[in-house]
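K.L.:
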(Lines of atoms letter the chains of each structure in order from A; the text may use other names.)
(Lines give C-alpha, C1' and ligand atoms only; values in the text may rest on other atoms or scores of the structure.)
Protein backbone atom coordinates (compact mmCIF):
# COMPACT_ATOMS: atom_id res chain seq x y z
CA UNK A 114 0.00 0.00 0.00
CA UNK A 115 1.30 3.44 -0.92
CA UNK A 116 1.83 6.10 1.71
CA UNK A 117 -0.95 8.62 2.14
CA UNK A 118 0.04 12.14 1.07
CA UNK A 119 1.31 14.16 4.03
CA UNK A 120 -0.16 17.52 4.99
CA UNK A 121 1.15 20.08 2.52
CA UNK A 122 1.94 17.51 -0.19
CA UNK A 123 0.40 17.87 -3.62
CA UNK A 124 -2.64 15.59 -3.90
CA UNK A 125 -2.25 12.76 -6.42
CA UNK A 126 -3.96 13.59 -9.72
CA UNK A 127 -6.90 11.53 -10.93
CA UNK A 128 -9.03 11.12 -14.06
CA UNK A 129 -12.16 9.10 -13.26
CA UNK A 130 -15.76 8.75 -14.47
CA UNK A 131 -18.41 10.40 -12.30
CA UNK A 132 -21.95 9.20 -11.61
CA UNK A 133 -23.02 10.51 -15.04
CA UNK A 134 -20.15 8.83 -16.89
CA UNK A 135 -18.32 12.14 -17.42
CA UNK A 136 -14.55 12.02 -16.96
CA UNK A 137 -13.41 14.27 -14.11
CA UNK A 138 -9.86 15.31 -13.24
CA UNK A 139 -8.62 16.73 -9.96
CA UNK A 140 -7.50 19.72 -12.03
CA UNK A 141 -11.19 20.32 -12.92
CA UNK A 142 -11.47 21.86 -9.45
CA UNK A 143 -8.51 24.24 -9.88
CA UNK A 144 -8.84 27.31 -7.67
CA UNK A 145 -11.19 25.57 -5.22
CA UNK A 146 -10.63 23.60 -2.05
CA UNK A 147 -11.54 19.94 -2.53
CA UNK A 148 -12.65 17.55 0.20
CA UNK A 149 -11.86 14.07 -1.14
CA UNK A 150 -13.18 11.07 0.76
CA UNK A 151 -13.03 7.37 -0.01
CA UNK A 152 -15.65 4.77 0.83
CA UNK A 153 -15.75 1.02 0.15
CA UNK A 154 -19.24 0.58 -1.31
CA UNK A 155 -22.22 2.77 -2.14
CA UNK A 156 -25.52 2.29 -0.31
CA UNK A 157 -24.12 0.39 2.66
CA UNK A 158 -24.81 1.60 6.22
CA UNK A 159 -21.51 3.29 7.11
CA UNK A 160 -20.87 4.70 3.64
CA UNK A 161 -24.41 6.04 3.40
CA UNK A 162 -24.14 7.75 6.79
CA UNK A 163 -20.80 9.32 5.85
CA UNK A 164 -22.05 10.52 2.46
CA UNK A 165 -25.34 11.91 3.82
CA UNK A 166 -23.50 13.79 6.59
CA UNK A 167 -21.20 15.37 4.00
CA UNK A 168 -24.21 16.26 1.86
CA UNK A 169 -25.82 17.94 4.88
CA UNK A 170 -22.84 20.31 5.29
CA UNK A 171 -22.17 21.06 1.62
CA UNK A 172 -23.90 24.45 1.80
CA UNK A 173 -21.95 25.36 4.96
CA UNK A 174 -18.49 24.85 3.46
CA UNK A 175 -18.68 27.50 0.78
CA UNK A 176 -16.95 26.82 -2.51
CA UNK A 177 -15.27 23.64 -1.24
CA UNK A 178 -16.02 20.77 -3.62
CA UNK A 179 -16.91 17.40 -2.09
CA UNK A 180 -15.68 14.40 -4.08
CA UNK A 181 -16.47 10.82 -3.03
CA UNK A 182 -14.44 7.99 -4.54
CA UNK A 183 -15.34 4.30 -4.43
CA UNK A 184 -14.78 1.14 -6.51
CA UNK A 185 -18.43 1.20 -7.64
CA UNK A 186 -19.39 1.57 -11.32
CA UNK A 187 -20.82 4.93 -12.43
CA UNK A 188 -24.33 3.45 -12.77
CA UNK A 189 -24.34 2.37 -9.12
CA UNK A 190 -23.00 5.78 -8.06
CA UNK A 191 -25.83 7.49 -9.96
CA UNK A 192 -28.45 5.38 -8.15
CA UNK A 193 -26.76 6.14 -4.82
CA UNK A 194 -26.69 9.88 -5.56
CA UNK A 195 -30.34 9.93 -6.66
CA UNK A 196 -31.58 7.78 -3.75
CA UNK A 197 -30.05 10.10 -1.13
CA UNK A 198 -29.99 13.41 -3.10
CA UNK A 199 -26.30 13.81 -2.29
CA UNK A 200 -25.68 16.56 -4.82
CA UNK A 201 -21.91 16.28 -5.19
CA UNK A 202 -19.39 14.47 -7.37
CA UNK A 203 -19.02 10.70 -6.93
CA UNK A 204 -16.18 9.03 -8.83
CA UNK A 205 -15.69 5.43 -9.93
CA UNK A 206 -12.26 3.97 -9.11
CA UNK A 207 -12.95 0.40 -10.26
CA UNK A 208 -9.29 -0.64 -10.44
CA UNK A 209 -8.44 1.09 -7.11
CA UNK A 210 -5.58 3.04 -8.70
CA UNK A 211 -6.56 6.34 -7.09
CA UNK A 212 -7.29 4.73 -3.71
CA UNK A 213 -3.82 3.17 -3.88
CA UNK A 214 -2.22 6.52 -4.81
CA UNK A 215 -3.86 8.11 -1.76
CA UNK A 216 -2.74 5.25 0.49
CA UNK A 217 -6.23 4.06 1.44
CA UNK A 218 -6.38 0.75 -0.46
CA UNK A 219 -4.76 -2.21 1.24
CA UNK A 220 -5.18 -5.30 3.34
CA UNK A 221 -7.91 -5.03 5.97
CA UNK A 222 -9.08 -7.41 8.68
CA UNK A 223 -12.71 -7.70 9.74
CA UNK A 224 -13.83 -10.37 12.21
CA UNK A 225 -10.58 -12.23 11.58
CA UNK A 226 -11.08 -12.29 7.80
CA UNK A 227 -8.40 -10.63 5.65
CA UNK A 228 -9.35 -8.86 2.43
CA UNK A 229 -8.26 -5.98 0.20
CA UNK A 230 -10.29 -2.80 0.51
CA UNK A 231 -10.66 0.76 1.73
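In this note's numbering, the protein residues as written are 114 to 231. All C-beta atoms, glycine included, are put in the ideal place defined by N, C-alpha and C.
Count Cβ pairs between the stretch 191-201 and the stretch 160-177 that sit closer than 8 Å; are there 3 or more?
P.N.:
The stretch 191-201 is in contact with the stretch 160-177.
K.L.:
So, does the stretch 116-123 touch the stretch 170-180, judging by three or more C-beta pairs under 8 Å?
P.N.:
Touching, no, given that fewer than three Cβ pairs across the two stretches are closer than 8 Å.
K.L.:
Hey, how far is the Cα of residue 156 from the Cα of residue 144?
P.N.:
The alpha-carbon atoms of residue 156 and residue 144 are separated by roughly 31 Å.
K.L.:
Does the pairing of the stretch 139-153 with the stretch 178-191 give three or more beta-carbon distances under 8 Å?
P.N.:
They touch, by the three-pair rule.
K.L.:
Quick one, are the C-beta atoms of residue 221 and residue 215 less than 8 Å apart?
P.N.:
No, Cβ-Cβ distance for residue 221 and residue 215 is not below 8 Å.
K.L.:
Between which residues of its own chain and residue 207 is the CB-CB distance below 7 Å, once the five residues before and five after are set aside?
P.N.:
Correct list, in chain order: 184, 186.
K.L.:
Provide the residue(s) that pair with residue 180 in DSSP beta bridges, ordered along the chain.
P.N.:
Looking at the DSSP assignment, residue 180 forms a beta bridge with 149, 202.
K.L.:
According to DSSP, is residue 119 part of a helix, a strand, or is it coil?
P.N.:
Note: residue 119 maps to coil in three-state DSSP.
K.L.:
Using 10 angstroms around the beta-carbon of residue 170, count the other beta-carbons present and answer buried if the total reaches 16, otherwise exposed.
P.N.:
Its Cβ having fewer than 16 others within 10 Å, residue 170 is exposed.
K.L.:
What's the gap between the Cα of residue 133 and the Cα of residue 158?
P.N.:
The straight-line gap from Cα to Cα measures roughly 23 Å.
K.L.:
Can you confirm whether residue 181, when its beta carbon is compared against all beta carbons of chain C, has any partner nearer than 8 Å?
P.N.:
Looking for chain C here will not work: only one protein chain is present.
K.L.:
On a Cα-Cα basis, can you pick out the residue from 217, 203, 126 that is closest to residue 209?
P.N.:
The candidate whose alpha carbon is nearest that of residue 209 is 217.
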